[in-house]
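Worksheet: the structure to be examined is printed underneath.
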Amino acid sequence: MSAKEFRIAAIPADGVGREVVAAGRAVLEAIAADGTGFSFAWEEFPWGSDYYAEHGVMMAEDGLETLKDFDAIYFGAVGWPTVPDHVSLWGLRLKICQGFDQWANIRPVQFLPGIESPLRKADDTHLDWVVVRENSEGEYAGFGGRAFAAREDKGEVAVQSALFTEVGCERIIRYAFELARTRPRKKVSSVTKSNAQQYGMVLWDQVFQRVAAEYPDVATESVLVDAMSAKFVLQPESLSVVVASNLFADILSDLGSALAGSLGLAPSANLNPERRFPSMFEPVHGSAPDIAGQGVCNPIGAFGSAAMMLDHLGLPGEAEGLRKAIEAATAQGVRTRDVGGGATTREVTEAVIANLPA
Ligand code: GGG
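Everything in the sequence shown is counted per full-length UniProt numbering, starting at 1 for the first residue and increasing by one.
The structure is reproduced here in structure tokens:
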């Protein structure tokens with residue numbers, strides 16, 4: 001029987017994105033080595049801020065067309081001081097997420113052995129959260145504009161609108177409930193600011209209540225985003241699946257991973273659950289220009305993202321093996337400096353590979 005070959009598009013993009021994608025590829029190649037019955041066929045794309053300097057665009061004009069037949073996309077990080085952040089983000093990451101209707105951004109918060117978290121007590125409460133981010137609309141709909149730049153009497157004005165559709169709210173909320181059903185703690189916390197945002201976020205709350213009625217086996221709560229920020233810190237054991245709009249979930253997942261020890265630990269999947277288009281797997285962190293190129297960035301978020309990609313490709317055993325290898329490496333004290341260690345990116349990569357199941 002011939003081995004199954006998965007076509008993976010690698011887009012390292014900017015800064016430490018290049019280092020963590022290289023590290024993730026090394027780990028994935030080790031997993032696919034010899035007799036596993038599958039292999040990866042990689043194609044790497046040089047898109048990002050350097051590409052912008054040369055071509056005036058963050059990715060090739062026909063980039064989506066090129067990517068659409070891959071089995072998955074493995075992404076690094078976007079953003080560099082030479083390109084305005086809104087240009088680089090909209091020109092690459094958001095172009096792919098929105099172009100491929102990757103409407104579910106799944107961001108597990110990993111509390112790993114050997115990594116200090118301000119939330120874990122001596123008796124070691126087990127924390128395990130997943131932030132489910134609406135990834136196609138909301139505050140990232142891209143609606144708005146600027147005017148009056150040339151008027152003498154008034155300053156320039158800017159309008160930025162959020163868009164909440166019933167379909168968009170329902171599909172992400174339903175995703176969160178289905179996910180909660182697969183977890184030991186069956187609970188979904190929905191986060192809005194519907195006391196102040198009285199149109200879109202009230203619609204979200206109403207859809208949440210309607211969908212929740214179909215899942216009587218799942219506990220629920222609706223919490224305002226300010227109160228939820230406090231809850232992350234003060235009642236961490238009360239949380240399991242947290243579902244929120246594009247902007248709020250982005251902020252809360254950063255808070256969550258910082259509370260787990262470092263943003264460098266956080267994995268994510270941008271899913272097109274219907275599988276009409278490829279899904280994209282990337283660490284939550286950005287390009288970290290302050291440490292880029294030094295070989296010291298934390299590759300664990302990228303490894304966790306690789307595990308999510310393995311799950312998506314129908315390789316759950318390999319995904320679990322990789323997660324266990326990550327846990328074994330951190331438990332052995334192999335840690336980069338953002339989590340209190342002195343290991344290099346390469347040393348963490350080698351430790352994870354060494355701990356993969358035989
Ligand atoms: N790997 C994630 C990444 O590159 N993030 C860059 C960023 O600025 N993201 C903001 C956002 O997606 O909301």
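Even glycine gets a Cβ: it sits at the ideal position worked out from N, Cα and C.
Annotated as distal: Val339 and Asn272, with beta-carbon spacing of 9 Å or more. Under the three-state reduction of DSSP output, Glu347 falls in the helix class.
Taking 8 Å as the cut-off, the C-beta of Asp250 counts as close to a heavy atom of the ligand GGG.
For Gly144, the uninterrupted beta strand (DSSP E) segment begins and ends at Gly138 to Ala147.
Around the beta carbon of Asp71, a 10 Å sphere encloses 16 or more other beta carbons of the protein chains shown; the residue is thus reported as buried. A straight line joining the alpha-carbon of Lys154 with that of Gly145 spans about 16 Å. DSSP, read as helix, strand or coil, puts Met309 in helix. Taking the Cβ atoms as the reference, Val241 lies roughly 11 Å from Val191, outside the contact range of under 8 Å. Judged by their CB atoms, Ile300 and Ala30 are not nearer to each other than the 9 Å cut-off. Distances from the CB of Val211 to the heavy atoms of the ligand GGG are all 8 Å or more. Bounds of the alpha helix (DSSP H) holding Phe177 are Glu166 to Arg181. In the DSSP assignment, Tyr74 is bridged to Ala10 and Phe281. Under the 10 Å beta carbon count, Lys193 is surrounded by 16 or more other beta carbons and is classified as buried.
Around the CB of Val157, fewer than 16 other CB atoms lie within 10 Å, so the residue is classed as exposed.
The criterion of a C-beta distance shorter than 9 Å is not satisfied by Leu247 and Gly91.
The residue among Trp42, Glu5, Ala23 and Tyr51 with its C-alpha nearest the C-alpha of Asp14 is Tyr51.
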